[in-house]
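Heads up, the thing below is written out as structure tokens.
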Ligand SMILES: Nc1ncnc2c1ncn2[C@@H]1O[C@H](COP(=O)(O)OP(=O)(O)O)[C@@H](O)[C@H]1O
Ligand SMILES: [Mg+2]
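This is the structure:
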């Protein structure tokens, strides 16, 4: 996957309907003149870099992510992704419309179970661990009943250091009691991640004005210990040799 530069078709922007960053649904025009529907995100340059770098890297790691674009707005870069045309998991199950209480709790369980059961969830958990994505909430998983797409990596790659350190897919698996299954399969996926992909993603971004300093080493450090990192996301077995009778 490479990253294409595009421009916004004037007047085509409407609210995307979810999220906190003011994402906009719009029409973009590619350099070859073709137009397509996309979701536009503006923000600090670090977050634009995190979105673009992650989209390139995760697609190299075979995670389904929408096609990414960089939008040149008079020098400032914005990020856009091809509109896949289906909702996120929170919207699919209408979670936001339910009042707080047992019905909402039950729906949340169903939603988490769905998120954990997708064919690419173990790979996504491994990728999130590698890129330090602390923000894999149910609004960042798109699902049409058949196919999933993973979005919103604005707070990965060091941009989310104000958030609690978390791998939310592991948290969801714990919440629904599927932790052992996810742990095993995520570790297996992590060991298969192509170690040369981060440098290729950096090369793909080298021709655009999006600084990626420090990102490849950050991912390399995380990949070096990714098995241990994933193990640590789940509670450890009690130390059966500990003798609590003696002081
Ligand atoms: N490529 C896409 N295709 C379809 N819908 C998308 C796409 N990208 C984002 N969205 C929709 O827009 C919402 C907000 O986008 P997101 O990237 O999560 O931004 P935020 O940082 O505001 O959470 C998502 O929850 C989803 O409903
Ligand atoms: Mg989001």
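Residue numbers (the numbering used here): 2 to 248. In this text, a Cβ means the ideal position worked out from N, Cα and C, and glycines have one as well. Nothing here was measured: the structure is a model prediction, and the numbers come from that model.
In the DSSP assignment, residue 203 falls within the alpha helix (DSSP H) that extends over 198 to 206. In this structure residue 150 is buried. Its beta-carbon is surrounded by 16 or more other beta-carbon atoms within 10 angstroms. DSSP, reduced to helix, strand and coil, places residue 235 outside both helices and strands of the structure shown, so it counts as coil. Counting only beta-carbon distances shorter than 6 Å to the non-hydrogen atoms of ligand 2, the qualifying residues in chain order are 20, 140, 141, 153. With a beta-carbon spacing of about 13 Å, residue 47 and residue 22 fall beyond the 8 Å limit used to define contacts. Rounded to the nearest whole angstrom, the C-alpha separation of residue 33 and residue 83 is 16 Å. A distance criterion of 8 Å places the beta-carbon of residue 22 in contact range of ligand 1, judged by its closest non-hydrogen atom.
Residue 163 is classed as exposed because its beta carbon has fewer than 16 other beta carbons within 10 Å across all chains shown. Between residue 143 and residue 219, the gap from beta carbon to beta carbon reaches 9 Å or more.
The C-alpha of residue 72 is placed about 5 Å away from the C-alpha of residue 7.
Between the stretch 133 to 148 and the stretch 186 to 200 there are fewer than three C-beta pairs closer than 8 Å, too few to call the two in contact. In the three-state DSSP reduction, residue 188 falls in the helix class (H, G or I). A Cβ-Cβ contact shorter than 9 Å links residue 128 with residue 64.
The residue from 208, 123, 194, 212 with its alpha-carbon nearest to that of residue 4 is 208. Beta-bridge partners of residue 173 (DSSP): none assigned.
For residue 123 against residue 186, the beta-carbon gap comes to about 4 Å, under 8 Å, which counts as contact. Contact between residue 81 and residue 41 holds: their C-beta atoms lie close to 5 Å from each other, under 8 Å.
Checking the 8 Å criterion, the Cβ of residue 84 is within range of a heavy atom belonging to ligand 1. Rounded to the nearest whole angstrom, the C-alpha separation of residue 92 and residue 176 is 20 Å. Distance from the Cα of residue 62 is smallest, within the candidate group 156, 94, 125, 49, for 125.
Note: residue 62 is not bridge-paired with any residue in the DSSP secondary-structure output.
With 16 or more other Cβ atoms from the protein chains shown falling within 10 Å of its own Cβ, residue 161 counts as buried.
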